[in-house]
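One structure below.
Chains as they are written, first to last, in my numbering: chain R, 381 to 692; chain Z, 2 to 309.
Below, the structure is given as structure tokens:
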């Protein structure tokens, strides 16, 4: 929920607005025909190799768009973007695919996307509607289901991309045990080390979001990616300036302290981290304790109270 | 941040989205909304695909706009349920706060419908496997029997607990077949199997670490040494011996330079100076990537997926 922005809470909004402006400007620039460069990402160049291997072996390619938070979010959609490319390559070579979904909304969407891919490639007859499966929305039941599939089908390639938690290593190690080529990426930094340990190729951090631009080379996506890079450079610059300014400030002393929503004069003392300019900027006063007197609705115009919970 | 929901004990604030029980206004609102819903549904079914694309883009934009406003618009300070907004800014703030739970319910309802699709997918796949007696069809039988059993027992148990004798079911002596069935299937089996799967992570960490920590290259060697230091620093006995040795070398001088080489200090330095900045850097990238993806979806600029 929103903030009051009475103190310094506007900073986060201003930074977000700046990055949004960078992204939109670069999308506009790329749409205008400007050639923009994207560096090579090894994990993505390995997609063709992995699908090719599966084709040679006649074994399926398993794709897992992560556990997610039970809804279709930007992370799971990005995973589907990448999987649509993988499916396109697989459809060309008639390689069997299995997409394992952990939530029903994503399952419905994945079915549509994968079906569209086969249709666009002109091989709709090769599309098996059971290739996109809803496994379970419980974390470890999902992990067990995917691991079982990988073992029974002896998958030749596994793509684990999206929002993963503790189940990540179970799936990655199972795929490793059957000798599958694995390309993985987690938006959770806590899971990335597990993927690095267990998988052949890992997209780290924002490489996951760069994937669709790298694969599709659409101007909108490439422009957005360049905008993201500008945003990262901007944040890096802010971190550098913040570090320098705070370090210099901490060498001095202060006679002012921000407390209870206002600046107070105090006897001179050594600067604390909370006194520095950037600390003040980043830590707005959380509760200004303001009371506002408003008019009231008559009691008979208020809604009926909600019934009490009956479950004990 | 002041969150006014904590101030609402029994009464919801008066808003566009609620009304007094059984009042003519509330009934009229429900009727109008139902009719409007059917009109929109009918329109979407007969509309050409190209037009549907624009409708979806408009709905996506408006939904996104609502959540942007929800996160960025200032929250009304110290609101009580019976308060009348003082001005236009507060009216908007009140409206956004009251509307958010309603909008969140939309996605819950759609999610509920889609769960049916998920169950259909499972049944379709496994019944076909059983009827054709494909490989491992016995597992499919187990899955379907388990699914049906847990639905019957779980739902039956829930209904009984909602009823007038629900409170009596706190005593196990009052349980019937459905209550025992639900307890056995959920707490006795499902929860235990979840825990068993989770416990396997420990063994997988070991096998993955064995492969990752082999000194095959310079990077892998650095990784191995760093991991070894952090792991050893967590072993109490070894840490005691190492740190004691360092203390002896420093002749108990707490300010000696060599005190920096205590195992716990090296591990702390690695975590604070190497690991944390690296994670923050990755998090910055992920956050900006997510923002860009969200922006493209919100403005319907994202046209990949099934499209070339």
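Don't be surprised by glycine CBs; every beta carbon is placed ideally from N, CA and C. Treat the numbers as computed from the prediction; the structure is a model and nothing was measured.
Coarse secondary structure for residue i, derived from DSSP in three states
i              : result
residue 449(R) : coil
residue 310(Z) : Because residue 310(Z) is not part of the residues shown, which for chain Z are 2 to 309, the question remains open.
residue 91(Z)  : helix
residue 643(R) : strand
residue 565(R) : strand
residue 473(R) : coil
residue 54(Z)  : helix
residue 208(Z) : helix
residue 648(R) : strand
residue 262(Z) : helix
residue 512(R) : strand
residue 627(R) : helix
residue 456(R) : helix
residue 633(R) : strand
residue 461(R) : helix
residue 196(Z) : helix
residue 494(R) : helix
residue 109(Z) : helix
residue 18(Z)  : coil
residue 663(R) : coil
residue 189(Z) : helix
residue 67(Z)  : helix
residue 419(R) : coil
residue 79(Z)  : coil
residue 286(Z) : helix
residue 293(Z) : helix
residue 408(R) : helix
residue 72(Z)  : helix
CB contact below 7 Å: residue i versus chain R
i              : result
residue 205(Z) : yes
residue 46(Z)  : no
residue 39(Z)  : no
residue 90(Z)  : no
residue 286(Z) : yes
residue 112(Z) : yes
residue 6(Z)   : Here residue 6(Z) scores only 41 on pLDDT, less than 50, and its place in the model should not be relied on; the value that follows carries that caveat. Closer than 7 Å: no.
residue 271(Z) : no
residue 161(Z) : no
residue 215(Z) : no
residue 175(Z) : no
residue 148(Z) : no
residue 30(Z)  : no
Sheet register partners of residue i (DSSP bridge)
i              : result
residue 638(R) : 643(R)
residue 269(Z) : Residue 269(Z) pairs with nothing; no bridge assigned.
residue 1(Z)   : The question about residue 1(Z) has no answer, for chain Z in this structure spans 2 to 309.
residue 478(R) : 442(R)
Interface flag, residue i vs chain Z, CB-CB below 7 Å
i              : result
residue 612(R) : yes
residue 604(R) : yes
residue 498(R) : no
residue 575(R) : no
residue 362(R) : The structure shown does not extend to residue 362(R), since chain R spans only 381 to 692, so no value can be given for it.
residue 642(R) : no
residue 423(R) : no
residue 675(R) : yes
residue 485(R) : yes
residue 586(R) : yes
residue 381(R) : The pLDDT assigned to residue 381(R) is 44, lower than 50, so where the model puts this residue is not dependable, and the model offers no usable value.
residue 594(R) : no
residue 418(R) : no
residue 623(R) : no
residue 427(R) : no
residue 638(R) : no
Residue i Cβ short of 6 Å to the ligand FMN heavy atom set
i              : result
residue 200(Z) : Because no ligand of any kind appears in the structure shown, any question about the ligand FMN cannot be addressed here.
For the stretch 533-566 of chain R, which residues have a beta carbon sitting closer than 7 Å to at least one beta carbon of chain Z?
-> 546, 549, 550 and 553
May I have a chain-ordered list of the alpha helix (DSSP H) segments no shorter than 4 residues that lie completely inside the stretch 113-182 of chain Z?
-> 138-163
Whole beta strand (DSSP E) elements within the stretch 518-604 of chain R, 3-residue minimum | 537-543 and 561-566
Check each residue of the stretch 384-413 of chain R: if its Cβ is closer than 8 Å to any Cβ of chain Z, include it; give the result in chain order.
-> 384, 385, 393, 396, 399, 400, 403, 404 and 407
Closer than 9 Å, Cβ to Cβ, to anything on chain R: give me those residues from the stretch 188-202 of chain Z, in chain order.
-> 191, 194, 195, 196, 197, 198, 199, 201 and 202
Scan the stretch 211-260 of chain Z and note each continuous beta strand (DSSP E) run of 3 residues or more that stays entirely inside, going in chain order.
-> none
Could you please tell me which residues of the stretch 58-87 of chain Z, in chain order, have their CB closer than 9 Å to any CB of chain R?
-> 70, 71, 72, 73, 74, 75, 76, 77, 78, 79, 80, 81, 82, 83, 84, 85, 86 and 87
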